[in-house]
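Comments concern the structure below.
Numbering (the numbering used here), first residue to last: 3 to 295.
Listed below in structure tokens is the structure:
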């Protein structure tokens, strides 16, 4: 089971180049797509889901060309967008039955599907009474109807409280055992906690692809932690390549990239995915600035 994206490009009518020669290979399991808002993630998700066309490139789910055979493709794909529209006057059970009918599924056990996402006791509740986390879980029930080969989940934990976020992550990890699940997020923890493979998307381009642990290992021995007073914060940014900072009561904790060992108040620490993400995006931004100048 494999999703293959080959040289995909998309430019909107307003001139925005949303995707530029994107090529990815997504095996079975959770594949993370990490990028800032506006990186092109939602455009890529909608294109894979056959909801819009690309200008160039091809997408294959195993042997099926998704663009040439969209009807067949949609029978194999489940999609949960960031903002899932609901019918406020319908119950969860009624809405799930409606979506099952759209997919041509007439023998599916809807109560079992709701039980899987821990909503069976709220099956007859109207969806407009659901919390944000409950709606996201209901969206997973819809996306997994018919046991699709590919499930696309866009910004799954946006707006969820920490408890619902962990609950939702567990649900995704369990549900993804028998399919390809593409998880798109701007939240680093979503990807580092769940994905066995990933890509970083920035301004429509792929900056890196691979298992998170392999990407992070490229910064081994190059991340240094230091604490600086507020008044030295700007100076530290001028003198070092600061990847991230965390304010404390009277100071900032800085994570700094350096190939060379730094003495004094600097402590070498293990890298994490947030370090690698900040490093690659910063590196790409520097290249863009050089081209512009």
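Glycine included, each C-beta is placed from N, C-alpha and C at the ideal position. Here the structure is a predicted model, which means the values were calculated and not measured.
Annotation for residue 27: the continuous beta strand (DSSP E) segment containing it runs 19-29. The beta-carbon distance between residue 58 and residue 9, rounded to whole angstroms, is 6 Å. This is short enough to meet the 8 Å contact definition. The beta carbons of residue 82 and residue 155 sit about 5 Å from each other, so the pair counts as a contact at 8 Å. A distance below 7 Å separates the beta carbons of residue 282 and residue 210.
Of 244, 272, 42, 253, the smallest CA-CA separation from residue 285 is found for 244. Residues 33, 213 of the same chain have their beta carbon placed closer than 6 Å to that of residue 199, with the five preceding and five following residues left out of the count. In this structure, DSSP gives residue 284 a helical state, which the three-state scheme calls helix.
Taking a C-beta distance under 7 Å as the contact criterion, residue 226 and residue 258 qualify as a contact pair. Counting C-beta atoms within 10 angstroms of its own C-beta, residue 171 has 16 or more neighbours from the protein chains shown and is therefore classed as buried. With contact defined as three or more Cβ pairs closer than 8 Å, the stretch 157-173 and the stretch 126-137 are in contact.
Residues of the same chain with a CB within less than 7 Å of the CB of residue 97, apart from the 5 flanking positions on each side, are 88, 89, 129 in chain order. Exposure of residue 176 is indicated by the presence of fewer than 16 other C-beta atoms within 10 angstroms of its C-beta. Around the beta-carbon of residue 157, 16 or more other beta-carbon atoms lie within 10 Å, marking it buried. For residue 67, the secondary structure class from DSSP, reduced to helix, strand or coil, is strand.
Taking the C-beta atoms as reference points, residue 22 is found nearer than 7 Å to residue 207. Using a Cβ distance threshold of 7 Å, residue 264 and residue 238 do not count as a contacting pair. DSSP places residue 6 inside the beta strand (DSSP E), whose first and last residues are 4-13. Counting along the chain, the unbroken alpha helix (DSSP H) around residue 136 starts and ends at 134-145. Burial of residue 185 is indicated by the presence of at least 16 other C-beta atoms within 10 angstroms of its C-beta. The DSSP-derived three-state label of residue 121 is coil. DSSP, reduced to helix, strand and coil, places residue 39 outside both helices and strands of the structure shown, so it counts as coil. Secondary structure of residue 217 (DSSP, three-state): helix.
For the pair residue 115 and residue 224, the Cα-to-Cα distance works out to about 47 Å.
For the set 140, 72, 79, the Cα lying nearest the Cα of residue 92 is the one of 140. Between residue 150 and residue 61, the C-beta spacing is not below 7 Å. In the DSSP assignment, residue 259 falls outside any alpha helix (DSSP H) and lies within the beta strand (DSSP E) extending over 253-259. Counting only the Cα atoms, residue 280 lies some 16 Å from residue 261.
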